[in-house]
Structure formats: C-alpha cells, structure tokens
Amino acid sequence: MNDDGTLVRLDDIHKWFGDLYVLQGIDLAIRPQEVVVLIGPSGSGKSTLLRTINMLEEPTEGQVWFDGTELTHIRTDLNEARAHMGMVFQSFNLFPHLKAIENLTLALIKVLGLSREEAEDRAMEQLDHVGLSDKADSYPSQLSGGQQQRVAIARALAMRPKLMLFDEATSALDPELVSEVLGVMQDLAEEGMTMVVVTHEMGFAREVGNRLLFMDEGAIVEEGVPADVFAHPRHERTKSFLSQVL
Amino acid sequence: MTLEVDHRAPPDRGIRYFMANQNALSWASLWLGIGTLVLVFAGTFAVITAHGWTQACPEGVSATVCDGTDPLAEGIMSTGFARVLWTTIVLGLVTWAVAVFSLRRYDSKPAKEATIAGMVLGAQGVAIALFLMWFRGSDVDRFARNFLDIELIGSKIGLVWSEITGNAGTILRAAVPWALHLAIAGLVVWVVWRMLTADEPFVEPVRTVVLAGAAFVAVGLVLDLTGLLTGSLSWLRITDRLGDIDWSSPLGEGRFDDRVDGIVQGVGSLLRFALLWFGYGAAAGVASHAARGRLRTDAHLRVAVRAALILLGAGFAVGIVKGMVNTATALSFSRGAWNTLILSVAGAAIGFIGGLFLSLFAMSSRAVVRAPARIYINFFRGTPLIWQISFAGVGLVPAMQLDIEPYWIAILVLGFNLAAYSAEVYRAGIQSIERGQMEASRTLGLSYLQSLQYVIVPQAIRRVIPPLLNEFVILIKDTSLVSVLGLTLSQKELLGVGRTIYSNTFDATAWLGAAAGFLIITLPMIRIVTIVERRMRSGLTSVI
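Next up, the structure:
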C-alpha cells in the first residue's frame, strides 16, 4: 500500500505518442479491494492509462505509485513490481509453444523461484479455480477463446497479485463465450481482488464495478458510482457515449 | 465539472533533454567512452601517418622484396603506438570505473543511457586496442609488406592466388565410404531410441547385449567384405587407368606391385572396419543394457534385422553412385561428400548459434550495441564468400602467421558468413512474434532477457526453421568455395575432389560425380524444408 492508503496512485500523468497527446494529465487513486471500471470511446486513452499502471507504457510526465513504490522512478525494479500485478489482454497472449500449465508455471519458477513441483501444484490449483484443470496439458491452440482467456486469467492469478488489470478481456470473444470469462472476473471481484477493468460490457460495469470512470480524449471526463453515472450522466459526452452503447 | 482539454506540444525528449539530464558521473563515463574509442582510431591513424603508410620502393620492385623496414610496420611496432594502445586500455578501465559509480547514482533515463553507452564504447575501444596489441606480437613487417601493401591496391594490381594443384601420385584411399558410417551412426541412434521408447517388458538382459553386439558385428562383416571387394577392385581399376599415364614416380613402374598394394589396402580396411564394427556392436549392446526393463528380446531381434536391411540398402545406394561415376573415384567422392558435410554442419553450428546472438545485438534499442552488429552483418553480406575465404586463408592467416589449419579456416569463415545471413533470418523471425507475447511475459515479471529466452526465441526459432534450412542448403553448396584454400587430398570437399580427379584423368565424368554428391546431400534437405513448411502451414503450433 502507498502512504495514503491507496494501492495505485497516478499523479498528473501525461503521455505523448510522437505528437499525439493521448493522456492529458490524469490523476487517479485506487484503494485496495476496489473495482474500477474504465469506459470510453475507442482512442480515448483508456487502454493506455491501464498500461501505464504497470508501466507497459511509460508516461512522458507524471508519477505512478504502486504499493509504496514509485514505478516511474528510474531506479525502480519494474520486474519485481510487475510480479505483484497481473494483466489480462484482449488477445489473451498465451504462450502458444507452452501447454496451459506451463503458461502458468513459467513465471512461478523463473520469477518467484518456486520449485517445479510447487509451481505445478499452485498452477493446478489455479486452473481448477477457473474450471480448466482438465485442460492443463492442452496447447493454447487446442482451447476455445473463452478457455484461453480463463487460462490467461489463471496465469496472472497464479502469481498471487495484489492488483489485476483487465484490458478489454472479453472483446475478442464470441458472444456465447463472454459470460464464462465475466463470471471468473466477477468471482474474483467478490473475493476482494483490487481490479482495474477496461471494458465495453456495460452490464458488468454496473454489476461489479465500485467506481466507473468515463474517459474521452485522454482525460477522465466523469467518474462516480456506476449505477449513478449510467442513470444520471452529468457530462454531455458521457451522455452521448452511453446513449450509443446502452 | 469543467474540462480543460490541453493541446500542448510534447516536451522535448531530444538531444537537449538528453544533455540537460546528465550528472557529472554519467557525463564523464559517456565522454570517457567516446574518448577511448576515438583515441584508438585517431591514435592509430596518427602514428602510422607519422611513420608513413607505405614504402617508397624503386620502380618495378615489389614491396614484398624491397629493402629496408616497411614504414607501416615501423609505425605499428613503434613505442608511440604502444603508448596509444596502453593509454586506450587505461582510459577504457577508467571509463568502466567511473561508469560503475555512475550506475549506482544515476537518477534519470538520459544519465542511465549515457552511462551504458560510455561502458559499451569503452569496451569496444579496449577490445580493438587488445587486438592491435596481440597483432604487434606477430611478424608485422612481413604482414605490412605482404598484406597491408597500400601501393599494391593503389596501382590496382590484383593479388595472385596460388593455384590449387592436384597430385595424381597421392592415391585415393580404399575404404568403406564415410557416408556409410554416417548411416550407421544414425542407425545406432535409431536403435537406441527404439530401445528407449519400446514399451514391452524386458526378458533377458545378457542375451540382449550379446544379440545387439552380434547383430552389428554380423552386419558389419557383410559390409566389410563388400568393402574389401569394391575397395580392392576399384584400386585395381584406378591403377589400370592411371597406368596409361606416363609416370615418373616409382608407383607407376610395376603393375604387379600395384595389385599387391591394392590387396594389402583392402585387407587393411577389412581389419580396420571389423574393429570399428565391433565398437558399434559393443556400443549398441551397452545402450540396450542401459535400456533394460524396456525391451523384449524378440523386439530387439526385429530391430537388428531391420538394421541389417537398412544398412544393405545404404550399401546399394552407394553402389549406384559408384556406378554413376567411375569406380576408381567413388571412394574419394564419398570422402568429398563427408568433407562437404563436415564443413557445412560445423559451419552451420557456428553460424546458427552466432547468428542468434548477432540478431539480438542488431535489435538492441541502444545504437552503440547495434552498430558493431550492423557493421559485421553488412560486411559479411556485402562481400562475396569466396573473397572472405580467400582473404582469411590466403591473406590474413598466413600474413599474420597464425597457426590455423586451412580446414579450420574454411569452417570458421563459412560459420562467420552464415552468422550474418542467419542473423537477418532470426531478426525477421523474432520481429514477427506478436508484441503481445513480450508484453504478456514482461507483465508476469520476467525480465527482457528472460522473455527472449523463454517466450520469444523459442517461438521465433520454430518460425525460422524453414528459412534457416534454406540457408543451410545454400551453405552446403557454398562449401565448394573452400577449394580456393590449399586443402590436402583427404580434406577436399566434393567440388575439390571432382576437380582433382578431372585434372588427374581428364575424365569429365568426375564433374558429374561431384554434382551427384551434392544432390545426395541437398535433395533430402530440400525435401525436409518442404515438409516442415507444409506442417507449419497446416497450422500445427508445434513443429519440433
């Protein structure tokens, strides 16, 4: 935790891709066990913001704090910090040359330094948790999209992270597979995991999110309790966005 | 809630930002590193220019024999040059000392990058200085006259390379072709593999060992007898043929002696290879003993029978090749094929491993790391292989009086050349891996190098197998270029063998023999490339 009781704190984050100004001074504090949902039109910078939290995108200016460490500091060991936050991608990004269980054990062995047996035990436990223990020896190409994404979630969870980041985790899935992944995410939220979720699933945002952030043009335009924001959007852009997606 | 959308321009992250964010230590290590590298180049240039680059020889006198010490050598051997090199090394060490302190203190990205750049540049300067120091230990005068003879290039006179001469008096070895040994070695591996993977329970360990040994020795003796026959026959055919040529050596005098020679040679080969076969049998026996608990005796018998059949088949294949070219040269062709294989496999080992690291350097985000790799790759891709082989074998190594066998020079140059080409293949392969793979790996806390090692490179290697195999096929053919080196008869590869036989007999069939040898090696490789490519296209993620 940071000094002020937050788990993640972004201080005045600015990000440029070349001349493109994608994050225009973001301040954000996330407390432990909070589920923050980021919504907004494409190109609004929500994925970039999410990727800034684990420094996959380095902010041009501003500070990122995670669990008492300033990640933007040049001397910070990012690998150490990243081992404590999981990320789930839109395109799963499972390692195709490794079996499902090896996808989980790789970092357990190489990063956490577990023995192979310990790692496999923990991986099986985690696969069981997402209901895929029978697929441990399958390669990613032998799994459905929903199964792949659940393995990807298990891969992140096996590290026992303090924070989980979801980057449009269901966008690449066929509609009938979305619910199995959302179900896993919902369980996770109910277990008290701190989560930041970029999503287009408004139902999920309303049901599971503690806080909703609406982003547009690189800034947080509106934030609040999801049900309130959906019911009474204050900002014009929020209104027009919600009217399009709801 | 009012929103002020900011449209300010991105902050300066260019050279001014870089310079403004240095601290004293990072700044010092950068400039010390630059200084080290500049010193070794500028110092070398200055010292040699002071002494003169080339000797003023009288008209028509070659620098090789011109009187007096070559000024270039004088410069290189001068104490002034030694001082330059020592200063470079000291400066490089100072750079590293400063940089090590800087590594603990830097507080910004530019300072970190400057520190690392200083370290890399310093190391490069020291490496060059150490090379030049080592070079000073050789016969520099000779080198300068024979090699760095600038005037020669100035006057555009081509180097004269010694011609390769075949000596007909050196007789081809009568032996069971080495290619057969390859087949046999492969077979031993296959048998061991069969033993290890057989899932029937084992019955009698001792009997298995005896059977394994006996089967191999039996097959070996059959083949040895064949070898004896063909060997002595071909020997006779050679001497018959060569008998038509007017020999001035004692070897050409009596036909009878030749026949005796042939028989002695044949018997010798029988004994040699019976021993070898015994070794194979014993090895297989030990292996099967080690694999006990996995095998049933009659399963092993089946393996032995198949082994015999395959070996006989291989013998026939070689026999057909023998028929295609003339019998007299067949043995030598197999020798040539063997050499072609050694050269290409050893070269590939160096090239494929070296190329991987080279590609990683070439993809570095740091220019100081990238540049040397780029220079290496562009140099080896930009000059002809035959120039590289000649330069190393006929130029650099003799001129520097290095004690490297021509055969090894050939392997090294082929390897270095392939490294440059395969580096580009690896680069394409690694860059073709989706960005998300690296991101997912880094997100789990793996470092950049760990991500390369466990995630990116294993996938990239699968993708680059077909293009790398293509490079390998090209390499197999390019081994023929080593014929510019003065290899001994037994070291000659296929083209060298064909050429030598032709120059001895003026029988142009020799060229066909060389072609057949190449095709026997390359066609299966080409076939493998096709199969691997098809398997990859069919969507299997795991090819190997």
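If you read the protein sequences in the order shown, they are chains P and X.
The numbering of the first sequence is my numbering, which starts it at -17 and goes up by one.
The numbering of the second sequence is my numbering, which starts it at 4 and goes up by one.
The C-beta atom is built at its ideal place from N, Cα and C for all residues, glycine as well.
Fair warning: this is a prediction, and the values are worked out from it, not measured in the lab.
Please compile the residues from chain X whose C-beta is within a distance smaller than 9 Å of the C-beta of Val4/P. Residues of chain X passing the Cβ test: none, with the nearest at roughly 10 Å.
Neighbour flag for Thr491/X against chain P, beta carbons, 8 Å: no
With 7 Å as the C-beta to C-beta threshold (strictly closer), list the residues of the region 441 to 459 of chain X near chain P in chain order. Glu442, Ala443, Arg445, Thr446, Leu447, Gly448, Leu449, Ser450, Gln453, Tyr457, Val458
Inspect the beta-carbon positions of Val43/X and Thr91/X and report whether they are closer than 8 Å. yes
Cutting at 6 Å between CB atoms, please list the residues of its own chain near His55/P, excluding the five before and the five after it. none
Please list the residues of the region 25 to 42 of chain P that have a C-beta atom closer than 7 Å to any C-beta atom in chain X, keeping them in chain order. Asn36, Leu38, Thr42
Starting from Leu170/P and walking both ways along the alpha helix (DSSP H), at which residues does that stretch end? 157 to 172
With DSSP collapsed to three states, give me the class of Ile79/X. helix
For Ala423/X, collect the residues of the same chain with a Cβ closer than 6 Å to its Cβ; drop the 5 residues on either side in sequence, then sort them by chain order. Ile380, Phe383, Arg384
Collapsed DSSP secondary structure at Asp119/P in the structure displayed: coil
Own chain, CB closer than 8 Å to Ser486/X, minus 5 neighbours either side, in chain order: Ile167, Lys495, Glu496, Leu498, Gly499, Arg502
Report the three-state DSSP secondary structure of Val93/P (helix, strand or coil). coil
Quick check: the Cα distance between Glu158/P and Leu346/X, rounded to an integer number of angstroms? 58 Å
Looking at the secondary structure, which residues open and close the alpha helix (DSSP H) in which Arg19/X lies? 18 to 23
At 3 residues or longer, and completely inside the region 60 to 109 of chain P: list those beta strand (DSSP E) runs for me, N to C. 67 to 70
Please go through the same chain and pick out, in chain order, the residues whose beta-carbon is closer than 6 Å to the beta-carbon of Phe364/X, but skip the five residues on each side of it. Val372, Ala376
In the DSSP assignment, find the alpha helix (DSSP H) that holds Gln462/X and state where it starts and stops. 460 to 481
Using a threshold of 8 Å, state whether the C-beta atoms of Gly22/P and Phe148/P are closer than that. no
Using CA atoms only, rank isn't needed, just tell me which of Glu189/P, Gly174/P, Tyr121/P is closest to Thr181/P. Glu189/P
What's the call for Phe223/P, buried or exposed, on a 16-neighbour Cβ count within 10 Å? buried
Closest Cβ-Cβ distance between Tyr20/X and chain P: below 8 Å? no
Going along chain X, which residues have a C-beta under 8 Å from Arg64/P? Arg445, Thr446, Leu447, Gly448
Range covered by the beta strand (DSSP E) that runs through Leu10/P: 2 to 12
Note down, in chain order, every chain P residue with its Cβ under 7 Å from the Cβ of Ser81/X. Neighbours of Ser81/X on chain P: none; closest Cβ ~46 Å, over 7 Å.
Could you check which residue in Gly448/X, Val535/X, Val129/X, Leu415/X has the C-alpha nearest to that of Leu478/X? Leu415/X
Would you say Arg465/X reaches chain P, if we count a Cβ-Cβ gap shorter than 8 Å as a contact? yes
Can you have a look at Ala602/X and say buried or exposed, based on whether 16 or more other CB atoms are within 10 angstroms of its CB? The first residue shown for chain X is 4 and the last is 547, placing residue 602/X beyond what the model contains.
If you reduce the DSSP assignment to three classes, tell me which class Trp(-2)/P lands in. strand
Looking at C-beta atoms only, is the number of pairs between the region 32 to 52 of chain X and the region 70 to 86 of chain X that lie closer than 8 Å three or more? yes
Near Ile91/P, what residues of its chain come up, given a Cβ to Cβ distance below 7 Å and the 5 sequence neighbours on each side ignored? Arg98, Ala101
Return yes when the Cβ of Pro143/P is within less than 8 Å of the Cβ of Val19/P, no when it is not. no
Quick one: what does DSSP say Gly363/X is sitting in, helix, strand or coil? Residue identity check: residue 363/X is Leu in the sequence provided, not Gly. In this structure, Leu363/X counts as helix in the three-state DSSP scheme.
Show which residues of chain P have a CB atom less than 8 Å away from the CB atom of Pro13/X. Trp(-2), Gly0, Asp1, Tyr3, Thr42
For the region 406 to 440 of chain X, enumerate the residues whose C-beta is nearer than 7 Å to any C-beta of chain P, in chain order. Gly439, Gln440
Name the chain P residues that come within less than 9 Å of Gln462/X, Cβ to Cβ? Phe77, Pro78, His79
How about Pro13/X and Thr34/P: are their beta carbons less than 8 Å apart? no
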